[in-house]
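Scroll down for the structure; my scribbles are underneath it.
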Amino acid sequence: MNLLLRQAWSGLRLLLAFTVILGVAYPVAVFAVGRFIPAQSDGSYVTDAQGRVVGSALIGQAFEGPEWFQSRPSAAGAGYDSLASGGSNLAADNPDLVSVVAHRKAAVAARDGADPASVPADAVTASGSGLDPDISPEYAMLQVARVAASRALDPARVRALVEEQTQGRLLGFIGEPRVNVLALNLALERAT
Amino acid sequence: MTTTAAGVLQFALIVLALAIAYRPVGDYLARVVESPRHLGIEKLLYRVSGIDPNADQRWSAYVRSVLAFSGVAILVVFAVLRLQAYLPYSLGHEGMSPLQALNTAVSFVTNTNWQSYSGEQTLGYGAQMVALAVQNFLSSAVGIAIAVALVRGLVRTHTDRLGNFWVDVTRLTLRVLLPGALVFALVLLIGGVVQNFADTTAVTTLAGGAQAIPGGPVASQEAIKLLGTNGGGFFNANSAHPFENPSGWTNLIEIFLLLVIPFSLTRMFGRMVGDVRQGYAVLAVMVALWTAVTSLTVWAELSHAGPALQLAGGAMEGKEVRFGVPMSAVFASATTGTSSGAVDAMHSSFTAGGGGLLLLNMVLGEVSPGGVGSGLYGVLMVAFVAVFVAGLMVGRTPEYLGKRLRPREMKLVSLYILLTPSLVLAGLGIAMASTVGLSSILNPGPHGLSEVFYAFASASNNNGSAFAGLDADTSFYNVGLAVAMALGRFLPICFVLALAGSLASQGTVQPSAGTLPTHRPQFVLLVIGVILLVAGLTFVPALALGPIAEALS
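Residue numbers (this note's numbering), protein chains in the order written: chain Z, 182 to 373; chain R, 103 to 655.
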């Protein structure tokens, strides 16, 4: 017991010394280097044409109304609550998930005047973070006609915006093709 | 390019990066633990801690040091979590409740990183940094140290000394984990992972809504969370959160970080025993299991079985658009195979087959390739069983690398093999038989049982991932899982070190015509067979009631 206590006393002192190195100096050092790229280390904030901060390029946000491209469904709090990140954790055979997916599918199809079979999976499922900033290019294209009509814009112009905002795979194979919803809606605002 | 083809290429890139890193990282690890020299800063640490770095410890002293160091760490982390309101950058968060703080302290010290709390709602930056990030380093270093001690037991002869625990932990932290984490924290920073001390920033969104954007020292914690196979997310959504994992390429970096040390440790093993082929054989076991589980999981997710996913037209529930289905599955397989527990997609919403494979990956005993250190000692324990089985077939005393596996050694190996499954099944049984256990379940049907099975498999194997529908912040689960984590970590460590001591005290037997070569494909297959057989015999009934029933219904 005496031996164990002596070891514990050494362990406590080593732990406290390591706390200074690993718990304070290390994160502060990373922070200091991060000052060279403040945009990323602060949170990739995005401003609109007037210079007003409207959110982060990385954190998805909710858009309501036919004039906006819509984000994916979100299980973070009441939806895109960035202080309550997380997924639904519903199982693939959970009847609640089946009915909510069916409901979303019908709603998206009705809203965008599309065939339910053409509604992509990301449009009817909640992401893991609940803060997914992206939608698939298919889901963005599906929304073009409705957004254009609501803003009295030429659909071809809106389609061109979607194409412009579509990010392909890095080097042709890394990641998935996607459209950042906030960036797309900002481009849309500039065009309107 | 199709999603599947892109997935195959991304997987190939990860394999290539791991292959390139294998030798330099493994050789470096061997040099670090074998070098006779102490660095200046290390001498300073030994002096302030009153440690004699040149003492060579018996196995019992090594165990005492592990338990003393970990016990103290649990107390300190518990205290910090309880008292975080008094720390700088607490962001106004109150102290954690006692049982949740106990669960979290045990979780981070045992390298499990099970989280019954939500990071952004519960913890300030102070507690994240000085309590959790510190344990991300130290619990990893402890794991590697145990593996090193076991290898020393195989290498050394006629001695009762296994090295110095304090020196091993200090060196592995300062010479391996800290530089690695620093480099990759900066890489992740470039990718968009945040690193600041700002409170949440209130913004008015483009559409006129309100949003509070969090900050935090995330990059520094993210790098070591993955490199040390810890897995505790800064945010509730873990590596699915865009501030922890912003893009497709950061996702690949994170998967690489999970796997690089567990695989490379087999090179260190080969170097230390003076025959790198022995390391390759163990590596082959890990790679075979990892590749099999990964490809089956990707296949299951691409099939998007299950009524809700069939209706949606793809397994995107709980997954992020920027990662896509295949790479979410690759991440999930890597994290459950490395006892990490970081997630970039919600495992509970995987298909029955995909989720079942993740569960299987844990109950294989975390050897595909396993956590830092625990993967290597885990697979070596199974290798001992394999030579024992082979020895029984020909009626000889089994030996591995010239060390005899006598009844004393085999008893320790058996205890090791039996302990974790006992914890998992006992925990599952108690939970399913009690109201408090059942009331936390979210999903109906077999998936509900899988949630509880997954929780105890994750805790007992020190993984930390979850079928997160389960409400784990209850007295029952906070305490029950803390017990599973503590016993699942420290009892196996005691068995491994006792075995190492027993092996070190032997001389070396010269190989004879009857010795089973342990570097050939035949032996690799035998080890894989033992792993599958042990897991199969133990867990098929439980798997049948959970994921298999869900897949068939």
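Each residue gets a CB set at the ideal place from its N, CA and C atoms; glycine is no exception.
Whole-angstrom Cβ separation of residue 587 of chain R and residue 561 of chain R, contact assumed at under 8 angstroms? 5 angstroms
Establish whether the CB of residue 370 of chain R and some CB of chain Z are separated by less than 8 angstroms. no
Drop a sphere of 10 angstroms on the beta-carbon of residue 641 of chain R, count the other beta-carbons inside from all chains shown, and report buried for 16 or more, exposed for fewer. buried
Buried or exposed, going by whether 16 or more other CB atoms sit within 10 Å of the CB of residue 118 of chain R? exposed
Please give the ranges of any beta strand (DSSP E) in the stretch 264–316 of chain R, keeping only runs that are unbroken, at least 3 residues long and fully inside the region. 303–306 and 312–315
Check each candidate in Z:260, Z:364 and Z:289 and name the one with the smallest Cα separation from residue 300 of chain Z. For residue 300 of chain Z, the nearest C-alpha among the options comes from Z:289.
DSSP on residue 573 of chain R, reduced to helix/strand/coil? coil
Proximal residues of chain Z, C-beta to C-beta of residue 316 of chain R below 7 angstroms: 263 and 264
What ranges does the alpha helix (DSSP H) occupy inside the stretch 412–466 of chain R, keeping only unbroken runs of at least 4 residues that lie completely in it? Within the stretch 412–466 of chain R, the complete alpha helix (DSSP H) segments of 4 residues or longer fall at 426–439 and 454–465, listed in chain order.
Could you pull the DSSP bridge partners for residue 501 of chain R from this structure? R:506
Taking 8 angstroms as the cut-off, does the stretch 619–639 of chain R touch the stretch 428–447 of chain R (at least 3 CB pairs, one atom from each stretch)? Output reads no: the stretch 619–639 of chain R does not touch the stretch 428–447 of chain R.
Find the residues of chain Z that neighbour residue 421 of chain R, judging by a C-beta separation of less than 8 angstroms, and give them in chain order. 306, 308 and 309
Along chain Z, in chain order, which residues have C-beta atoms closer than 8 angstroms to that of residue 338 of chain R? 265, 266 and 267
Quick check on this structure: which residue in R:191, R:537, R:232 and R:206 has the alpha carbon closest to the alpha carbon of residue 226 of chain R? R:191
At the level of alpha carbons, what is the spacing between residue 325 of chain Z and residue 304 of chain Z? 14 angstroms
Contact set for residue 459 of chain R: own chain, Cβ-Cβ below 7 angstroms, skip 5 residues either direction: 395, 398, 399 and 402
Residues sharing a beta bridge with residue 236 of chain Z, DSSP: Z:227
From the beta carbon of residue 409 of chain R, is the nearest beta carbon of chain Z less than 8 angstroms away? Yes, its Cβ sits closer than 8 angstroms to a Cβ of chain Z.
Please list the residues of the stretch 150–168 of chain R that have a C-beta atom closer than 7 angstroms to any C-beta atom in chain Z, keeping them in chain order. 150, 151, 152, 153, 166 and 167
In this structure, does DSSP put residue 378 of chain R in helix, strand or coil? helix
Going along chain R, which residues have a C-beta under 9 angstroms from residue 212 of chain Z? 297, 298, 299, 319, 321 and 322
Please list, in chain order, the chain R residues whose beta carbon lies closer than 8 angstroms to that of residue 221 of chain Z. 291, 292, 293, 294, 295 and 296
Could you name each continuous alpha helix (DSSP H) segment of 4 residues or more that falls completely within the stretch 544–597 of chain R, going from the start of the chain to the end? 548–562
Using the Cα positions of residue 330 of chain Z and residue 295 of chain Z, report the straight-line distance between them to the nearest angstrom. 14 angstroms
The stretch 530–562 of chain R: which residues have C-beta closer than 9 angstroms to a C-beta of chain Z, in chain order? 544, 545, 546, 547, 548, 549, 550, 552 and 553
Quick check on DSSP: helix, strand or coil for residue 347 of chain Z? If DSSP states are grouped into helix, strand and coil, residue 347 of chain Z belongs with the strands.
When the Cα atoms are used, what is the spatial distance from residue 419 of chain R to residue 343 of chain R? 15 angstroms
Restricting to runs no shorter than 4 residues, where is the alpha helix (DSSP H) found entirely within the stretch 260–319 of chain Z? List check, alpha helix (DSSP H) in window: 276–293.
Any Cβ of chain R within less than 8 angstroms of the Cβ of residue 252 of chain Z? Not closer than 8 angstroms to any Cβ of chain R, the Cβ of residue 252 of chain Z fails to qualify, so no.
Using the C-alpha atoms, what's the distance from residue 213 of chain Z back to residue 289 of chain R? Each residue's Cα considered, the two are about 14 angstroms apart.
Comparing the C-beta of residue 366 of chain Z with each C-beta of chain R, is any distance below 8 angstroms? yes
If you run the structure through DSSP and keep just helix, strand and coil, what is residue 519 of chain R? Helix, per DSSP.
Using a 10 Å radius around the Cβ and a threshold of 16 neighbouring Cβ atoms, would you call residue 285 of chain R buried or exposed? exposed
Let me see if you follow: with CB-CB separation under 8 angstroms, is residue 295 of chain Z close to chain R or not? no
From what residue to what residue does the beta strand (DSSP E) around residue 359 of chain Z run? Where residue 359 of chain Z is concerned, the enclosing beta strand (DSSP E) stretches over 359–361.
According to a CB-to-CB cut-off of less than 7 angstroms, which residues of the stretch 326–354 of chain Z neighbour chain R? 350, 351, 353 and 354
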